[in-house]
Each structure stands twice: as C-alpha cells, then as structure tokens.
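Here the structure is laid out as structure tokens; the discussion comes afterwards.
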Amino acid sequence: MSIDPRAERGGTRWALACLTPDALRIDAATHLLDALDELGFEVDAASLSFVRAPEVARLYAHNLGSTAPGRVDGTWLGREIYALGPSLKLLLSHREEGADHLLASAKGPSAWGDRDQGHLRSRVGLANKSFSMIHTPDSALQAWDDLDCLFGPGAAAALRSGVRVPVPWERLRRLAAPLAFSRTTPATSVVEEVVARAEETIATDARLWVGAAVPSARDAAEALLRRPRAPHAALHDRLYALERTALAEAVHALRRGEPDPVESDALVELLLRTGVLPDPWAAQLVRSVLVFPPAAHA
Numbered sequence: 527m528s529i530d531p532r533a534e535r536g537g538t539r540w541a542l543a544c545l546t547p548d549a550l551r552i553d554a555a556t557h558l559l560d561a562l563d564e565l566g567f568e569v570d571a572a573s574l575s576f577v578r579a580p581e582v583a584r585l586y587a588h589n590l591g592s593t594a595p596g597r598v599d600g601t602w603l604g605r606e607i608y609a610l611g612p613s614l615k616l617l618l619s620h621r622e623e624g625a626d627h628l629l630a631s632a633k634g635p636s637a638w639g640d641r642d643q644g645h646l647r648s649r650v651g652l653a654n655k656s657f658s659m660i661h662t663p664d665s666a667l668q669a670w671d672d673l674d675c676l677f678g679p680g681a682a683a684a685l686r687s688g689v690r691v692p693v694p695w696e697r698l699r700r701l702a703a704p705l706a707f708s709r710t711t712p713a714t715s716v717v718e719e720v721v722a723r724a725e726e727t728i729a730t731d732a733r734l735w736v737g738a739a740v741p742s743a744r745d746a747a748e749a750l751l752r753r754p755r756a757p758h759a760a761l762h763d764r765l766y767a768l769e770r771t772a773l774a775e776a777v778h779a780l781r782r783g784e785p786d787p788v789e790s791d792a793l794v795e796l797l798l799r800t801g802v803l804p805d806p807w808a809a810q811l812v813r814s815v816l817v818f819p820p821a822a823h824a
C-alpha cells in the first residue's frame, strides 16, 4: 500500500503519529499505544529517535503566527517539548479507509477546553494543557512532508512506495515503558536493561531496516554492524546510520564489560543522543554504574 499525497482526509488506510517526549517521560506513551491498538491500527514502521529543532519547525510550520494574545507561543513550546528526549514515530495502517480521519478524531483538538474524556490526551489523565503527548498531521499533504521529518528522506521515500517494516504492539510497549531501575537496582541489572533497550531501539528503527529483514532485538546490534554502508544515500541518512552504528558498538562494549570510567561520559552521552536513555536522571544512574563497575556494587 503506497502513500498518495493527493488523497483527501478520510480516504486513506494509513496515518502518521508521533508520541512526543512528554508522553514518554510521564509514562503516558504505553496508554496511548494501547488506545491506538484498540482502535484497530497496525504499526507499519516505527522509530524511537529525536526530532531536532529544524524538523520541529517543519512539523509545525502551519502553526506559525497562530498564537492568540496572552497565550504561550505554540511553536516555542513545541521546541521545548521535543528537546526533552526522544519521540516515538509511527506509520500506522488500518483495515478500513479513513485511517487518518479516525486518528484525528481520536486525538481530538489541541485546544484544552474542546477535549472530552474520549480523546487520547484526556485518557491519560492530563492536568496541564502544556502537554502535547501526540502529534498527527492535519492533512494527507502535510503527512507526506512529515514523513521526511520523522523518518528521514531515504526511509520516507521507501515508505511512500509501499515498503513496510511492521512492529508488534508489544515490542513498542516495551520500548515506550520507563526504565525500571533506581539507585537501589543492582549494577548488573542496570547494564542489562540499558543493553536490552538499546537493542530494541535499533531493531524497531525503520530508518535502518527499510528494504531489509528486521532482526530480532537480541541480534539487532550485530546485524547492523555487518550491514554494508550506503555511500549514495543522502548525507542526513548516512549520518543517522553512523550514529546508530556507534550505538551498536556501544552495545557490544557494554556486554563485554569494556567501558572504563574515562570512557563512561562519552558512552552515556551517546546513549542520551540516540534516545536509549530518556533523560539526564537515567543517564546519571548509568554513569555511576560505569564509573563504579558492577563488582564494586556486589
């Protein structure tokens, strides 16, 4: 099923959504995924990665200048929200036509006073209208452009032509769930969870696997390191692949227990930059484990 930018809302079987960092930070993302699953959507492609400032500007270009007097500028607020951490980007499909209309209706309006309890944002019990939680395009033409912003030019072109990299809902729920460690978690468990999350991040990333077999999460890092480079890909895509390859190398280093205290800062920064660690708090816990090796915590 290819993507037609000429289709009017209500005439397509695909939809685009982005669960924003605030949803991941307050543990609302899993509830939103449950709701999308209940609505009958399937995931045709996904990526847990950052939405950078230039991409935010493109996503919300239609909102520029729309701020009413006395209200927070929506574009500025959007940049601040997306800077909090990674976003979960989803290309969704539905067995019935009108997938984009169904998703837009379920999400509800952005205006706080116009939402009701059936809307996705209301289902997670928000008490603050500054939360975004989920972005969806306003039209099929905007979704066509948003694909580039969310998945990069190479993957977007493949997805438009009908290539799909399906992801089971359960895998996405694991990826969207908060990291389950604290200061009292044994160091070895912290490392194991970080490695598992890094492998899931790589394995579910459509930007890496369009046109290729998607490996199991356990083998994702090894498969990525073996993949041949694509020298003719756009620079944007090549740089992204290089960063993900560095993440795969970090997975192997963590599994072998190689990182020493001197290297820990660089490794933690990589984990933050690639979205494996959702925030500085998690990064500090991992940094303490790497500075004081697991044996010291036994």
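Numbered according to the working numbering, the sequence shown spans residues 527 to 824. All C-beta atoms, glycine included, are put in the ideal place defined by N, C-alpha and C.
Within 10 angstroms of the beta-carbon of G737 lie fewer than 16 other beta-carbons, which makes it exposed. In this structure, L793 sits away from L701, with a CB-CB distance that is not shorter than 8 angstroms.
D672 carries a helical assignment under DSSP once its states are collapsed to helix, strand and coil. Residue environment: V788 is assigned as exposed (fewer than 16 neighbouring CB atoms within 10 Å of its CB, all protein chains considered). By alpha-carbon distance to R699, the top candidate from A561, A541, T711 is A561. If you check the CB distance, L616 and A632 do not come in under 8 angstroms.
In the three-state reduction of the DSSP assignment, D805 falls in the coil class, being assigned neither a helical nor a strand state. Here R621 is exposed: its Cβ has fewer than 16 other Cβ atoms, across all protein chains shown, within 10 Å. Here the alpha carbon of L629 sits roughly 10 angstroms from the alpha carbon of G566.
In this structure, V716 lies near V815, with their beta-carbon atoms less than 8 angstroms apart. Under the Cβ criterion (8 angstroms, minimum of three pairs), the region 776-783 does not count as touching the region 753-764.
Of the residues assessed, T710 falls on the exposed side of the cut-off, its CB having fewer than 16 other CB atoms within 10 angstroms.
For a cut-off of 8 angstroms, the C-beta gap from A554 to M659 is around 6 angstroms, short enough to register as a contact. Taken atom to atom, the span from the alpha-carbon of A703 to that of A549 is near 10 angstroms.
Separation of D786 and W540 (C-alpha to C-alpha, rounded to the nearest whole angstrom) is 46 angstroms.
Short of 6 angstroms from the beta carbon of V582, and not among the five residues preceding or following it, lie these beta carbons of its own chain, in chain order: G604, R605, Y608. Judged by DSSP secondary structure, L616 falls within the beta strand (DSSP E) whose first and last residues are 613-619.
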